[in-house]
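Protein chains in written order, with our numbering: chain A, 3 to 291; chain B, 32 to 292.
The structure appears right after this line, and notes come after that.
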Amino acid sequence: MATSVPDPSQKHQRREHGLMLALVSPALLVILLLIVLPVGWLAWQSIYHDGFTLENYRRVFTEDIYWRSFALTFEISLAVTLIALLLGYPVAYLANSLPKGWSILILSLVVLPFWTSVLVRAYAWLALLQRTGVINQFLRYLDVISEPLALAHNTFGTVVATVHILLPFMVLPLYATMQKIPGDLMQAGASLGASPSLTFCRVFLPLSLPGVLAGCTMVFVLCLGFYITPELLGGGRTVMVSMLVSRNVELYNQFGAASAVAVVLLLSVLAIFFVVSRFISLDRVLGQK
Amino acid sequence: MTRISLARIALYVISTLVLVYLILPVLIIAPISFSSARFLTFPPPSFSTRWYQQYFSNSAWMQATRVTLTVAFLTVVIATPLGVAAAYAISQSKLRIMRVIHMALLLPLVVPIIITAVGIFFVYAKVGLVATMPGLVLANVMLGLPYVVISVLAGLQSFDPAQEMVARSLGMNRLRSFFAVTLPQIKSSVVAGGIFAFISAMDETIVALFISGGQYQPLTKRMFTALRDEIDPTIAAISTLMTAASFMLVLLASTRQKKGG
Chain A
3 MATSVPDPSQ KHQRREHGLM LALVSPALLV ILLLIVLPVG WLAWQSIYHD
53 GFTLENYRRV FTEDIYWRSF ALTFEISLAV TLIALLLGYP VAYLANSLPK
103 GWSILILSLV VLPFWTSVLV RAYAWLALLQ RTGVINQFLR YLDVISEPLA
153 LAHNTFGTVV ATVHILLPFM VLPLYATMQK IPGDLMQAGA SLGASPSLTF
203 CRVFLPLSLP GVLAGCTMVF VLCLGFYITP ELLGGGRTVM VSMLVSRNVE
253 LYNQFGAASA VAVVLLLSVL AIFFVVSRFI SLDRVLGQK
Chain B
32 MTRISLARIA LYVISTLVLV YLILPVLIIA PISFSSARFL TFPPPSFSTR
82 WYQQYFSNSA WMQATRVTLT VAFLTVVIAT PLGVAAAYAI SQSKLRIMRV
132 IHMALLLPLV VPIIITAVGI FFVYAKVGLV ATMPGLVLAN VMLGLPYVVI
182 SVLAGLQSFD PAQEMVARSL GMNRLRSFFA VTLPQIKSSV VAGGIFAFIS
232 AMDETIVALF ISGGQYQPLT KRMFTALRDE IDPTIAAIST LMTAASFMLV
282 LLASTRQKKG G
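In structure tokens, the structure reads:
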């Protein structure tokens, strides 16, 4: 990593340390001023308003609207994570089992939407799902339905669009983990007389679990803070925590309450990362991008 | 034997459907943007470029486009050198604290963006940076830094620092040896990191919703506001252009990375 020849002079070493700190400090300053300070400010504002107060937290934990929003957010995140796992696992498995050219093609298709703006994709789903949208028009054109289905402006639309946006975060860690499973293990299982489904359940699936955990963590955590899709596809009825924060700021000027909600959300995210880091390296979760 | 192939067929079918689900929404925008209809109709009545004309002739959309491009450009110009310097120090230094600093630089990826956005809004409100260009650029530099750091760190991993030592022992100073020996070898990851920072700034919406205003509103904020009110195919035209730009940039980044191999 560092200089390969150990330097005897301590002075030189100190200069080296000074230089490295000087190099990293502009970037660190940006981070400190633009994310650490703002988040610290939020935390402070949530407990201080003309004196120390826990009123904001009392509201968050006792008032119905906050409770329901947190519950809904966790429910949606859980649903999105499970659906993403069910959809993502087969794709990662197929990409892993095919020759290199095909797996690159599949992974490119998975990553492609990733580089499209979240806003653009929310718009696309709106265009597909709304009452006068492509899907409803198509189904009416085929005479399958007479009345348009309510696909957007509800929780269903939110989940469909959110899974779409977060699926790459599931497939990539799954694929990375599957790549490390030696192929001969499956052959060994087969040669010992186990059926393919048995070797899959007993050998492949358990070995892929770290990838499952990494993917699920990332999807769940990202979903907890999602804003654009529920705002545009939820139709105002699916109030997730992020919308609670923004409404308290933009509509009601309740900065203290907004800050308290934000702090609880952030602590939930950090708690999840902390628990997961006990089982797998966080680099595994965050390293994918 | 038939059971194996059945499972295999099911795997292919499911995976294909999932891939269609992933790709279809990205592709559906383009035909909508070239349709002549005011509202979405299926099948599209006829080909037209009127939504593109509407976009290019509307001064508000053009102003927003200028803001987006300026912000994204300045973000790359500032975030790339900061990120490269930081990544270099993190990879070369033996200091313990570098691990903590490394984690701190990845914070923008960990903290839910809505929290970052509201926090920045509160701080900016105190110091008068709301609805200003510097405020918008600074926020995007912060959000883009992790991409540069991650990309450059990956590039430095395959670089042997002993090479730089050789250059220095031959009389080059540190700065020159970095530019002459190290930088050319990690050039592709630097370029890729810069491109990702550009895309991140171009697509950023949530922070802009809170801190941008007046004449300094980026495209995404105007699009978001427009989407809340009514769906206008002009947005499909803009989306198509943005998607095309992103894809070309990613393609550029990935070919550079391959060359750097």
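Note that the Cβ used here is the ideal one computed from N, Cα and C, for glycine as well.
| query | result |
| --- | --- |
| If we ignore side chains and look at the alpha-carbon of each, how far apart do L136(B) and V180(B) end up? | 8 Å |
| Give the residues from the region 55–85 of chain A that approach chain B closer than 7 Å (Cβ to any Cβ), ordered along the chain. | none |
| Taking contact to mean at least 3 C-beta pairs separated by less than 8 Å, is the region 78–92 of chain A in contact with the region 136–144 of chain A? | no |
| So, with DSSP's three-state summary, where would you put F304(B)? | Here chain B covers residues 32 to 292 and nothing more, so residue 304(B) does not appear. |
| Going along the chain, which residues of the region 147–180 of chain B sit with their C-beta nearer than 9 Å to a C-beta in chain A? | T147, A148, V149, G150, I151, F152, F153, V154, Y155, K157, L169, A170, V172, M173, L174, L176, P177, Y178, V179 and V180 |
| Check whether the region 36–50 of chain A and the region 133–149 of chain B are in contact - that is, three or more C-beta pairs closer than 8 Å. | yes |
| Buried or exposed for M254(B), going by 16 or more other Cβ atoms inside 10 Å? | buried |
| Please tell me whether L169(A) and L89(A) are closer than 8 Å, where the distance is taken between their beta carbons. | yes |
| Going along chain B, which residues have a C-beta under 8 Å from F257(A)? | F153 |
| Can you tell which of V197(B), T251(B), S182(B) and I237(B) has its C-alpha closest to the C-alpha of F227(B)? | S182(B) |
| Cβ atoms of G217(A) and M180(A): under 8 Å apart, would you say? | no |
| Mind checking who S66(B) pairs with in its DSSP beta bridge? | F78(B) |
| Skipping 5 residues on each side, what residues in its chain have a beta carbon closer than 6 Å to that of M3(A)? | In this prediction, M3(A) has a pLDDT of 48, which is less than 50 and means its spatial position is unreliable; what the coordinates show is noted afterwards. Closer than 6 Å at Cβ, skipping near neighbours: no residue. |
| If you follow the alpha helix (DSSP H) that R239(A) is part of, which residue opens it and which one closes it? | Unbroken run through R239(A): none, as it is neither H nor E. |
| Assuming A29(A) contacts G175(B) (C-beta within less than 8 Å), just tell me the rounded distance between them. | That pair is no contact at about 11 Å. |
| Between the region 195–211 of chain A and the region 227–247 of chain A, are three or more C-beta pairs nearer than 8 Å? | no |
| Could you compute how far the alpha carbon of P177(B) sits from the alpha carbon of L250(B)? | 23 Å |
| Examine chain A for any beta-carbon lying closer than 8 Å to the beta-carbon of F255(B), and answer yes or no. | yes |
| Assuming Q248(B) contacts A95(B) (C-beta within less than 8 Å), just tell me the rounded distance between them. | 6 Å |
| Between the C-alpha atoms of L176(A) and S285(B), what's the straight-line distance to the nearest angstrom? | 22 Å |
| What is the rounded straight-line gap between the Cα of R204(A) and the Cα of D285(A)? | 27 Å |
| Going by other Cβ atoms of all chains shown within 10 Å of its Cβ, with 16 needed for buried, is K13(A) buried or exposed? | exposed |
| Could you pull the start and end residues of the alpha helix (DSSP H) that M172(A) belongs to? | T157 to Q181 |
| Compare the C-beta of M32(B) against all C-beta atoms of chain A and say whether one is closer than 8 Å. | Caution is warranted here: a pLDDT of 47 is assigned to M32(B), below 50, making its placement in the model unreliable, and the coordinate value is therefore given only provisionally. Not an interface residue. |
| Excluding five sequence neighbours on each side, which residues of the same chain lie with their C-beta closer than 8 Å to the C-beta of S79(B)? | F65, S66 and S67 |
| Between which two residues does the alpha helix (DSSP H) carrying D234(B) extend? | L214 to D234 |
| By the criterion of Cβ-Cβ separation under 7 Å, what are the contact partners of A120(B) in chain A? | M22, L25 and V26 |
| Contact criterion: CB-CB distance below 8 Å. Does H19(A) meet it with respect to chain B? | yes |
| My understanding is that T118(A) touches V57(B), with C-beta atoms under 8 Å, so please give their C-beta distance in whole angstroms. | 5 Å |
| Relative to the C-alpha of A273(A), which residue among F222(A), M242(A) and L235(A) is closest? | F222(A) |
| Would P139(B) pass as an interface residue toward chain A - the criterion being a Cβ-Cβ separation below 8 Å? | yes |
| Can you check whether the C-beta of H166(A) is within less than 8 Å of a C-beta belonging to chain B? | yes |
| Can you find at least 3 beta carbon pairs, one from the region 253–269 of chain A and one from the region 53–70 of chain A, that sit closer than 8 Å? | yes |
| Have a look at D66(A) and I147(A) and give me their C-alpha separation to the nearest angstrom. | 38 Å |
| Mind checking the region 211–239 of chain A against chain B and listing, in chain order, the residues whose C-beta falls within less than 7 Å of any C-beta there? | L226, G227, Y229, I230 and L234 |
| Whole angstroms is fine: what's the gap from G225(B)'s alpha carbon to Q189(A)'s? | 44 Å |
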